[in-house]
Structures are given as structure tokens and as C-alpha cells.
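Quick mapping for you: the protein sequence lines, in order, are chains A and B.
Residue 486 is where the first sequence ends in my numbering, and the numbering goes up by one at each step.
Residue 422 is where the second sequence ends in my numbering, and the numbering goes up by one at each step.
Idealized CB from N, CA, C, for every residue including glycine.
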Amino acid sequence: MQLQTALNRRFHGDDGLEFVYVATSAAILGLDAGTAAIVDAFAVPGGRDEDAWLADQSDCDAASTALHDLIDLGVVRPVGEPAPPRAQLPPMPFPLATLVLNVTNKCNLSCTYCYEYGEDRLTAGSGSKGAGKPKMDDDTARQSIDFLLRSSGDRPQVSITFFGGETLLNFPAIRAAVEYAEAKAVPAKKRVHYSLTTNATLLTDEVIDFLTKHRFGITISIDGAKEDQDRHRTFQKGVGSFDVVEPRIRKLLTLNKERNGRSIGARVTLTSGASPAPATYRYLTQELGFDEVGFAPVTAGLGREYALGELGYQKLLREFGELAEEYVAAALKNESHGFANLGDLLRELHQGVNKAHPCGAGLGLLGVSTEGDLNLCHRFVESKAHQVGTVTAGVDEAVRTAFLQQAHVDQKTDCTQCFARPLCAGGCYHEAHVRYGDATHANLHYCEWIRGFVDLGLSVYGRILSRNPKYFTRFETS
Amino acid sequence: MSNDPIDNGPRAVNPPAGARPRRTRILACNQKARQLAAMVLAQRGDARALTQDPPPTQYPYGCTTIFAPGWEVDASNGTHGLCQPIERDLYDCYHTCYWPAQVPDGVTNAPKWTMSCGAPMQDWKSLDLVFP
Numbered sequence: 009m010q011l012q013t014a015l016n017r018r019f020h021g022d023d024g025l026e027f028v029y030v031a032t033s034a035a036i037l038g039l040d041a042g043t044a045a046i047v048d049a050f051a052v053p054g055g056r057d058e059d060a061w062l063a064d065q066s067d068c069d070a071a072s073t074a075l076h077d078l079i080d081l082g083v084v085r086p087v088g089e090p091a092p093p094r095a096q097l098p099p100m101p102f103p104l105a106t107l108v109l110n111v112t113n114k115c116n117l118s119c120t121y122c123y124e125y126g127e128d129r130l131t132a133g134s135g136s137k138g139a140g141k142p143k144m145d146d147d148t149a150r151q152s153i154d155f156l157l158r159s160s161g162d163r164p165q166v167s168i169t170f171f172g173g174e175t176l177l178n179f180p181a182i183r184a185a186v187e188y189a190e191a192k193a194v195p196a197k198k199r200v201h202y203s204l205t206t207n208a209t210l211l212t213d214e215v216i217d218f219l220t221k222h223r224f225g226i227t228i229s230i231d232g233a234k235e236d237q238d239r240h241r242t243f244q245k246g247v248g249s250f251d252v253v254e255p256r257i258r259k260l261l262t263l264n265k266e267r268n269g270r271s272i273g274a275r276v277t278l279t280s281g282a283s284p285a286p287a288t289y290r291y292l293t294q295e296l297g298f299d300e301v302g303f304a305p306v307t308a309g310l311g312r313e314y315a316l317g318e319l320g321y322q323k324l325l326r327e328f329g330e331l332a333e334e335y336v337a338a339a340l341k342n343e344s345h346g347f348a349n350l351g352d353l354l355r356e357l358h359q360g361v362n363k364a365h366p367c368g369a370g371l372g373l374l375g376v377s378t379e380g381d382l383n384l385c386h387r388f389v390e391s392k393a394h395q396v397g398t399v400t401a402g403v404d405e406a407v408r409t410a411f412l413q414q415a416h417v418d419q420k421t422d423c424t425q426c427f428a429r430p431l432c433a434g435g436c437y438h439e440a441h442v443r444y445g446d447a448t449h450a451n452l453h454y455c456e457w458i459r460g461f462v463d464l465g466l467s468v469y470g471r472i473l474s475r476n477p478k479y480f481t482r483f484e485t486s
Numbered sequence: 291m292s293n294d295p296i297d298n299g300p301r302a303v304n305p306p307a308g309a310r311p312r313r314t315r316i317l318a319c320n321q322k323a324r325q326l327a328a329m330v331l332a333q334r335g336d337a338r339a340l341t342q343d344p345p346p347t348q349y350p351y352g353c354t355t356i357f358a359p360g361w362e363v364d365a366s367n368g369t370h371g372l373c374q375p376i377e378r379d380l381y382d383c384y385h386t387c388y389w390p391a392q393v394p395d396g397v398t399n400a401p402k403w404t405m406s407c408g409a410p411m412q413d414w415k416s417l418d419l420v421f422p
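Following this line, the structure appears as C-alpha cells:
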């Protein structure tokens with residue numbers, strides 16, 4: 009029988025340990041020298057004949073046993089055998105887990121790279137405001153809560169995320185939504201978890217008190233120390249925002265620690281000319297006191313001067329490698345480390361996540377516009393082309409299902425031979441829309457970057473697994 | 291330590307100093323690999339009779355996949371529990387079997403076929419026809 013190794017990525021741990029990440033199942037297997045040699049021997053174009061290969065082996069029985077172990081585990085497969093059928097869509101309507109409320113489409117900053125108001129905006133409108141109503145009214149916020157509770161099936165916990173514009177420009181709607189959700193969650197037998205993203209300019213004492221009291225998961229958009237923050241994150245007249253946000257962030261972090269709140273993350277948008285990621289990481293965690301930091305390369309159409317570019321991505325990958333060294337050192341001591349991108353990747357690798365869709369948008373997550381329209385996610389609110397219903401009428405299941413079928417990774421022929429497919433599944437819909445005008449297009453401009461980052465994650469996984477495998481129990485689901 | 295060459299335990303890859311060398315050739319490292327390995331190992335057990343002690347932990351699905359000689363009599367050595375008359379067996383084929391001709395399939399095409407008929411021995415006539 010002609011056999012071939014399934015799509016995979018080989019990687020190493022310390023002390024010569026060998027691993028394989030099997031892209032068809034997202035399983036990670038440790039291999040001894042013999043099995044590693046088999047995985048490599050059958051990883052040739054067209055595959056290899058089993059009997060001919062066995063005849064060349066010194067210990068034929070042992071080789072045959074090892075080979076059939078690999079076949080049973082799906083690492084080596086008969087050539088031409090059709091792939092096992094893959095679930096296309098989960099049973100619909102899929103119960104909602106998270107609703108993102110865009111409580112305002114206005115912003116008090118004018119960040120030059122902003123996808124919402126800048127050159128890559130999806131919606132009509134001008135300046136730092138969108139096309140629809142500038143603020144969500146309290147009734148729409150309450151209707152959104154009702155919609156989430158009745159659309160979440162038998163999930164015991166749901167999440168409400170507040171977003172903007174600048175989210176805190178409409179603090180009254182946030183307060184109204186939280187008070188309403190608290191009252192409604194008990195009879196609905198649900199726990200509600202709140203989170204919010206803000207630029208920190210409006211973190212007054214009252215707001216900080218409210219957010220920490222309700223145990224909000226808080227993400228602060230901040231690009232680093234003053235020079236980095238003020239490069240793009242400016243007020244409308246071009247003045248940088250660092251001096252306004254810095255004292256407020258310190259106050260929030262201090263009170264949150266006192267109240268033993270959830271960890272607070274910084275979200276850094278990476279542009280060309282930004283300081284090295286490790287320096288930014290150290291500033292945000294050690295100087296300001298953030299619990300974790302996530303980096304996101306700026307979303308940009310072709311030709312934007314702030315975009316990272318090919319060399320920028322290579323540099324960033326080296327910088328991520330530096331941060332990864334710190335992460336490994338912490339993990340070997342069983343300590344957590346706040347490099348969120350790597351932590352998230354290791355969690356998905358350890359669980360063996362194998363995605364049919366790149367994210368939960370349209371599936372377990374929807375975005376709500378200020379007027380109560382439902383869209384794929386917060387980045388698509390006010391885009392009529394990506395609307396899937398309203399909070400009062402509910403989801404148009406036909407539209408939602410059609411989108412999800414089109415967005416399935418099996419439809420992205422560019423992804424069929426990529427080992428990073430179980431984790432990436434083609435990447436962000438919004439990113440794809442900005443770049444290709446089609447949300448279901450694979451983000452081909454990201455491929456090398458994603459593969460490079462997954463390679464980094466695999467090597468970190470192998471190193472930690474070699475020396476402190478118990479570290480990963482923190483990522484396990486029951 | 292398992293004698294099977296696939297190790298499905300969340301244990302250290304490196305054995306502690308002084309431990310016996312491992313016979314493991316393949317180690318299931320992440321959660322997905324452990325699920326796969328558990329599935330593979332479960333399928334490797336010897337064939338076991340249903341009456342064997344301890345009984346098997348996994349049963350084949352559907353009546354025709356069970357090797358159950360002596361269907362001439364039922365569990366009480368009578369014929370009452372057998373699929374005669376045919377009405378008695380209607381729902382066995384509907385719910386648990388893939389039996390393509392005799393009854394509609396309840397998995398995909400006719401999930402509500404039995405809604406009108408609670409006890410087929412008495413009211414099988416209320417079962418409606420199903421048109422594909």
C-alpha cells in the first residue's frame with residue numbers, strides 16, 4: 009500500500025526530543041528516533057510503498073508496529089484515501105456566547121491608523137463618527153441584553169463586551185446595560201461576564217470604581233511609552249494622548265489590584281517605526297503595571313505608510329522571539345508571563361484547537377450597532393453588507409448560515425497545504441475585507457507571518473514540554 | 291507504565307533520574323493527541339463476550355452489529371421479546387438502527403415520524419407515510 013505522512017510540522021524540544029504537529033487533527037505527538045524517522049520517510053511527494061519500505065528495515069516487526077501506530081493515529085495515511093468527512097457547520101442556530109455592544113460610533117481621539125475612521129473605514133460618515141446614531145440609547149442596550157439571554161441556548165455563562173468608537177463616551181448606556189443584565193440574569197439562570205475596550209482618556213474615578221466593582225475584563229488600547237503612544241494616538245488637533253491617559257491607567261491598575269480584579273491587558277497596535285516589542289512589553293508591565301500585553305499589527309489596506317511591510321514582520325518575529333525567551337524562563341518556574349499573543353497560541357496548541365472558522369464572529373459572537381443592528385462582529389457594525397439581523401427581530405439565520413458556509417476553511421483553497429490551518433483558518437474577516445474586499449478571502453498577505461509565529465509557538469511548546477510539562481495543565485479544558 | 295507503544299498519559303516526557311527507560315515510542319502530548327490515543331487504544335482491546343467479567347466498556351451500535359447467537363429465543367427463553375409481530379420492532383429499527391428500507395430514518399429525514407403514535411402495538415395505523 010502506498011502511504012504518505014499527513015500535513016504536519018515537525019519540531020524539536022530540548023535534549024533532542026522530537027515532536028510532530030499533525031495539521032489534520034491538531035494533535036501533538038512526541039516521537040522517539042524510530043518513529044520520527046518513519047514520519048520523515050513517508051513525507052515525500054506521492055508517498056512511499058509500505059512493503060518496499062519495510063523490506064529495507066533491519067527490525068521489520070518493530071518498524072511495522074510503529075508504522076501502524078502512526079497510521080492509527082492519522083499521522084501516516086494511505087495515498088488517495090478520501091479525507092474523513094469534516095463537520096461543515098455546527099447545528100444551527102448556534103447559541104450565542106458573546107455580544108459586543110458598540111455603544112457609540114464617536115471617538116475623542118483621531119488615531120491616524122484607525123480602521124474605523126481612517127482610510128480603510130467600512131462605513132459612511134465623516135471624521136471620528138460613523139453613519140448611524142452617534143450613541144446607543146439605553147433601550148437598545150437593554151434590548152441587546154434580552155436578545156443575548158434568549159439566544160444563548162443552555163449556556164450557563166454569557167459575555168457582554170462594550171466597544172466603540174471610544175466606549176466610555178457613552179458610559180450611561182454601559183451602566184444601564186449592566187444594571188439590566190444583573191436583574192435579568194438571575195431569572196434566566198445565567199452568569200454574565202462584562203468586558204470593555206477603552207483608550208483610557210475618560211477613566212474617571214467614578215468609571216474606575218464602577219468597572220472594578222463589576223469585575224470587568226478591561227483592555228486598554230495603548231501603543232507604549234510616550235513616544236510610541238503619541239505617534240499615532242492623537243486628539244483631533246494632533247496632540248498626543250499619553251499625558252492624559254498615563255495617570256488614569258495607573259489609577260485603574262492600582263485600584264483593580266486592591267480589589268483583586270481580573271487581569272488588565274494592554275493592546276498595542278504595531279506600526280512601522282514602533283519601538284521594539286520587548287521594550288514596549290517591559291514598559292507596559294514593569295513601569296505601568298499591566299498584567300498582560302497583546303500586540304496586533306495594524307490593519308491596513310495596500311500602500312498605507314504606517315503598515316508594517318515584509319521587513320517589519322520579519323523584525324517583529326525576531327522581537328517576539330526575544331519575548332518568547334522570557335516566557336519560557338517564567339514557564340520553567342511555573343510562573344505566568346504576560347505576553348498574551350504567545351499565551352493564547354500555547355493554549356490553542358495544547359488544547360489541539362482545530363478551527364473550521366477563524367474566529368467566533370457570526371457563530372458565538374455578534375456585534376450590535378448603536379441602532380441595534382446585528383453584524384458579524386464589532387469591526388463590521390454599520391456595514392449593511394455584513395448585517396445579519398437586529399436585536400429586536402433576531403438573527404436572519406439564512407444570511408448567517410450562508411456566510412459561515414462561505415467562510416469555512418475548506419472553501420479557502422489557498423489554505424489546504426498549510427500546517428497552520430487549524431489555528432488560522434484563513435484569518436480575520438475584517439482584515440480580509442480591508443485587503444481584498446471580501447471577508448471570506450484568506451489573508452494571504454499574512455501567511456508567512458502566521459507560519460513564522462506558529463513555528464515560534466511550537467518551538468516554545470516543545471521546550472517547555474521537555475522540561476516542565478505540568479505547566480500546560482493550566483490550559484486544559486475538562 | 292503502559293506496555294502499549296502509544297503513551298496516553300500526561301506525564302513528563304523525560305523520565306525522572308533513575309527511572310527505568312521508557313518503552314514509549316509515541317507520546318500523546320496535547321489534549322487532542324490524548325483523545326486520539328485513547329480512541330485508538332480503546333479499539334485495540336480483545337474481542338469480549340457481553341457476559342464476560344468484567345463486561346466490555348464499549349458496545350457496538352445497532353442490533354445487527356452485535357453477535358448475539360440464539361435469537362430464536364429472547365432473554366427469558368421465550369419468543370415474546372423478539373421482533374414478532376413486526377409492530378413491536380418498528381421503533382427499534384427507527385431509533386437505533388440504520389436499516390434503510392423498512393422504516394424512515396429518524397436521524398436526518400424523518401425525525402418526527404413517531405410523533406403521532408405513542409404505542410405502535412396499539413395504534414400503529416396512525417403512523418403516516420413518509421415521502422422522500
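Helix, strand or coil: how does DSSP classify P477 of chain A here? helix
Got a sec, what are the start and stop residues for the beta strand (DSSP E) P86 of chain A sits in? 84-86
Should the region 331-344 of chain A be regarded as contacting the region 141-155 of chain A, the criterion being three or more beta carbon pairs within less than 8 Å? no
Pair within 8 Å by beta-carbon distance, E26 of chain A and L39 of chain A: yes
Express the C-alpha separation of S416 of chain B and G368 of chain A in angstroms, rounding to a whole number. The C-alpha of G368 of chain A lies about 45 Å from the C-alpha of S416 of chain B.
Where F19 of chain A falls: helix, strand or coil (DSSP): Residue state for F19 of chain A is assigned as strand, using DSSP reduced to three classes.
Would you call the CB atoms of P101 of chain A and V403 of chain A closer than 8 Å? yes
W361 of chain B versus Q325 of chain B - alpha carbon distance: Caution applies to W361 of chain B, whose pLDDT of 49 falls short of 50 and renders its modelled position unreliable; the value that the coordinates give is listed next. Near 36 Å, if we compare the C-alpha coordinates of Q325 of chain B and W361 of chain B.
G360 of chain A versus chain B: which residues are under 8 Å apart at the beta carbon? N320, Q321, K322, A323, Q325
Status (buried if at least 16 other CB within 10 Å, exposed otherwise) for K245 of chain A: exposed
At the 8 Å Cβ level, is P330 of chain B part of the contact set with chain A, yes or no? Residue identity differs from the one stated: residue 330 of chain B is Val in this sequence, not Pro. Yes, its Cβ sits closer than 8 Å to a Cβ of chain A.
Within 10 angstroms of the Cβ of S292 of chain B, are there 16 or more other Cβ atoms? Answer buried if so, exposed if not. Any reading at S292 of chain B is ruled out, since the residue's pLDDT is 40, under 50, leaving its predicted position unreliable.
Residues of the region 61-84 of chain A with a CB closer than 8 Å to any CB of chain B: list them in chain order, please. T73, A74, D77, L78, D80, L81, G82
Same chain only: Cβ atoms within 8 Å of P477 of chain A, ignoring 5 sequence neighbours per side: none
Do the region 42-61 of chain A and the region 83-91 of chain A meet, that is, are 3 or more Cβ pairs less than 8 Å apart? yes
Three-pair Cβ contact test at 8 Å for the region 289-298 of chain A versus the region 348-363 of chain A: no
8 Å is my cut-off, CB to CB: does I36 of chain A come that close to chain B? yes
So, at 7 Å on beta carbons, what are the nonlocal neighbours of S72 of chain A in its own chain, with the 5 sequence-adjacent residues on each side left out? Taken in chain order, the residues that qualify are L62.
Rounding to the nearest angstrom, what Cα-Cα distance links Q414 of chain A and D446 of chain A in this structure? Cα to Cα, Q414 of chain A sits roughly 11 Å from D446 of chain A.
Per-residue burial, T485 of chain A [other beta carbons within 10 Å of its own, 16 or more giving buried]: With fewer than 16 Cβ atoms within 10 Å of its Cβ, T485 of chain A is classed as exposed.
G42 of chain A touches chain B at which residues, Cβ-Cβ below 9 Å? R315
Identify every residue that forms a DSSP beta bridge with K4 of chain A. Because chain A in this structure spans residues 9 to 486, residue 4 of chain A falls outside the shown range and cannot be described.
Less than 8 Å separating the beta-carbons of L109 of chain A and F170 of chain A? Using a Cβ distance threshold of 8 Å, L109 of chain A and F170 of chain A count as a contacting pair.
Separation of T277 of chain A from L292 of chain A, as counted between CA atoms: 13 Å
State the DSSP-derived secondary structure class of Y291 of chain A, mapped to helix, strand or coil. Three-state result, Y291 of chain A: helix.
Between A:L340, A:G346, A:V200, which lies nearest to F328 of chain A when the distance is taken from Cα to Cα? A:G346
Kindly provide the ranges of any alpha helix (DSSP H) runs that are 4 or more residues long and lie completely inside the region 399-426 of chain A, ordered along the chain. With a minimum length of 4 residues, the continuous alpha helix (DSSP H) runs that stay inside the region 399-426 of chain A are 405-415.
Assess contact between the region 247-256 of chain A and the region 284-291 of chain A, defined as three or more Cβ pairs (one per stretch) separated by less than 8 Å. Is contact present? Below 8 Å, too few C-beta pairs join the region 247-256 of chain A and the region 284-291 of chain A to call them touching: fewer than three.
D217 of chain A to R312 of chain A, Cα distance in whole Å? 39 Å
Buried or exposed, going by whether 16 or more other CB atoms sit within 10 Å of the CB of K322 of chain B? buried
Per-residue contacts from F243 of chain A into chain B (C-beta, under 8 Å): None at all; the shortest Cβ gap to chain B is about 47 Å.
Can you find a CB in chain B that lies within less than 8 Å of the CB of N467 of chain A? First, the amino acid is wrong: residue 467 of chain A is Ser here, not Asn. Not an interface residue.
Can V462 of chain A and A410 of chain A be called in contact, C-beta distance under 8 Å? Contact check for V462 of chain A against A410 of chain A fails: the beta carbons are separated by 8 Å or more.
Among the candidates A:T378, A:R94, A:K114, A:L219, whose CA atom is the shortest distance from the CA of I272 of chain A? A:L219
N-terminal and C-terminal residue of the beta strand (DSSP E) that P305 of chain A is part of: P305 of chain A -> beta strand (DSSP E) spans 300-305.
Provide the residue(s) that pair with A332 of chain A in DSSP beta bridges, ordered along the chain. Partner(s): none; A332 of chain A has no beta bridge.
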